[in-house]
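Protein chains in written order, with the working numbering: chain U, 3 to 154; chain D, 3 to 154.
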């Protein structure tokens, strides 16, 4: 069982912005700090902008910053948006389903219950909660960013 | 977020056997009833055999049947075995992790909590619970199997 890399990148971008409140962040900096492709992050940042989680400021000195206070950004809600259909098994998607017992299968009902329990845990936590150990996270990220910059 | 097809196939095989208590089931029959490749099912059946969930009887008239009563087969335990490492995000695997904040990241802790909640729901249900509506499931599966056989 795995979340998409896209969701992972979206959450890392939000965390990076929450660690630099008010600052305009270049996606290049998130990419270097996390060692992730800039192209992948740009796609996530665009969606986060459309959803209002990020504010995108265009131009040469532009960048992104949080579009709302981190205390109001609920992790479970972000994951629902970035993961899309949350198709734990193929039968969750009626268009691609091939299973003949769809609709009468108690296993798919159980997977839905499990998924709700998973998301219920993520709904208890906000972006602000994820960065309460900000100094430790920043130290790690800045060290990695310096190494990446030096290597380029 | 998605479970592997392998887990899905393993659980469908177990359900099929639970619907035919005591009978020796040919993997070909599971494949036709569910419209799944026999090769994929054979791999899952082999692992289920090793784990004791299935008994494999070799030979021309051989097949598989449940290796233990369905009331004792807990869905969460099967999923833990068939999914392997349950790497919701890359940092769950220290060998492949590239994230610099591993070990101090509250997001990965949250994902672990969510995963535990997901599995806790699956631990409440046994294979026997999944087939309490046996006649409805059998009717659907047999109809699909007849269609598949006729097409071959």
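C-beta atoms are modelled at their ideal positions from N, C-alpha and C, and glycine is treated no differently. In this text the structure is predicted, and so the values were computed from the model without any measurement.
Give the C-beta separation of residue 162/U and residue 76/U to the nearest angstrom, bearing in mind that I take them to be a contact with Cβ-Cβ under 8 Å.
-> Nothing can be reported for residue 162/U, as the shown portion of chain U is limited to 3 through 154.
Which whole-angstrom value is the C-beta distance of residue 143/U and residue 103/D, which I expect to be below 8 Å?
-> 6 Å
In angstroms, rounded to a whole number, what distance separates the CA positions of residue 74/D and residue 133/D?
-> 14 Å
Distance between residue 48/D and residue 38/D (C-alpha atoms, nearest Å) | 16 Å
Host beta strand (DSSP E) of residue 67/U (start-end) | 65-68
CB residue 112/U to CB residue 127/D, shorter than 9 Å?
-> The answer is yes: Cβ separation under 9 Å.
Mind checking who residue 100/D pairs with in its DSSP beta bridge?
-> Note: residue 100/D sits in no beta bridge, so no partner.
Could you tell me whether the Cβ atoms of residue 109/D and residue 17/D are closer together than 9 Å?
-> no
Buried or exposed for residue 65/D, please, with buried defined as at least 16 other CB atoms from any protein chain shown within 10 angstroms of its CB.
-> With 16 or more other Cβ atoms within 10 Å, it is buried.
Indicate whether at least one CB of chain U lies closer than 9 Å to the CB of residue 133/D.
-> yes
Within 9 Å (strictly less), CB to CB, does residue 142/D reach chain U?
-> Cβ-Cβ to chain U under 9 Å: yes for residue 142/D.
Would you call the CB atoms of residue 12/U and residue 50/U closer than 9 Å?
-> Yes, Cβ-Cβ distance for residue 12/U and residue 50/U is below 9 Å.
Note down the Cα distance separating residue 81/U from residue 88/D, rounded to an integer number of angstroms.
-> 18 Å
In the DSSP assignment, find the unbroken alpha helix (DSSP H) run with residue 58/D in it and report its ends.
-> No alpha helix (DSSP H) holds residue 58/D; the beta strand (DSSP E) holding it covers 56-59.
Whole angstroms is fine: what's the gap from residue 200/U's alpha carbon to residue 95/U's?
-> Nothing can be reported for residue 200/U: it is not among the residues displayed for chain U, which extend from 3 to 154.
Rounded to the nearest angstrom, how far is the Cβ of residue 19/D from that of residue 68/D, given a contact under 8 Å?
-> A Cβ-Cβ distance of about 5 Å is found for the pair residue 19/D and residue 68/D, placing them in contact under the 8 Å criterion.
Keeping to the same chain, check which residues put their C-beta closer than 8 Å to that of residue 29/U; ignore five residues upstream and five downstream.
-> 15, 40, 43, 44, 47, 65, 66
Rounded to a whole number of angstroms, what is the C-alpha to C-alpha distance between residue 33/D and residue 148/D?
-> Whole-angstrom Cα-Cα distance: 12 Å.
Output yes if chain D places a C-beta closer than 9 Å to the C-beta of residue 100/U; else output no.
-> yes
From the DSSP output, in three-state form, read off residue 38/U for me.
-> Coil, per DSSP.
Is the Cβ of residue 97/D closer than 9 Å to any Cβ of chain U?
-> no
Would you report the Cα separation of residue 123/D and residue 83/U, rounded to the nearest angstrom?
-> Cα to Cα, the separation comes out at about 23 Å.
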